[in-house]
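In case it helps, my numbering puts the sequence shown at residues 1273 to 1391. Where a beta carbon is used, it is the ideal one built from N, C-alpha and C, also for glycine.
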Amino acid sequence: MPTAIPPDFPVEQPLAALTGAQPKLAVRYDAQSGSYTTALSETALLARYEMCEDLARQLEQKCRKNRDTKYSQMSESEILVSLLSKLLQAGWGSKAEMKWVIRRTAEILGWPAPAAANA
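Take a look at the structure:
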C-alpha cells in the first residue's frame, strides 16, 4: 500500500552532473506518462520521504530519552535548533528536507517548531 507524502514535504529538483562543454539538461524518461521529465520519480520521492520520516521518529525518541538529562538545561526550541545544526552538518539530505525533519519531530513531540526550521 503506497504511503501518502504530506503536502508540506519539500520536493526539489534532483542534481545531475553531466560531462562536456556544451550546456545540458538532465532528464529521465517517465514510463507511466511516456514523456521526459526533470522531476524526481515517485519511487525516489517516496524513498526520500520515508528516510526523513524515519529520521524524525529517531529524533523524537532521542529527545524523549534525553529531555531530563542531556538536554535538561535547554528549551525545546534550543534542542531542536541544535539537532537541525547537526543534521545540516551531516549532509543526510537537503537543507529543506532537514528543516522538514525538525518540524516533523516537533509535531510528533507536541513542541513548537523553532523559527530556524521554518525559514
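Separation of glutamate 1369 and arginine 1376 (C-alpha to C-alpha, rounded to the nearest whole angstrom) is 10 Å. DSSP lists Tyr1308 as the bridge partner or partners of tyrosine 1301. In the three-state reduction of the DSSP assignment, glutamate 1314 falls in the helix class. In this structure, the alpha-carbon of leucine 1297 lies about 23 Å from that of lysine 1367. Valine 1373 counts as buried, since at least 16 other C-beta atoms from the protein chains shown sit within 10 angstroms of its C-beta. By the neighbour-count definition (other C-beta atoms within 10 Å, threshold 16), alanine 1276 is an exposed residue.
Around the Cβ of arginine 1336, a 10 Å sphere holds fewer than 16 other Cβ atoms; the residue is exposed.
Residues of the same chain with a CB within less than 6 Å of the CB of aspartate 1280, apart from the 5 flanking positions on each side, do not exist.
In the structure shown, alanine 1387 falls within a helical segment according to DSSP collapsed to helix, strand and coil. By the neighbour-count criterion, in which a residue is buried when 16 or more other Cβ atoms sit within 10 angstroms of its Cβ, alanine 1303 is exposed.
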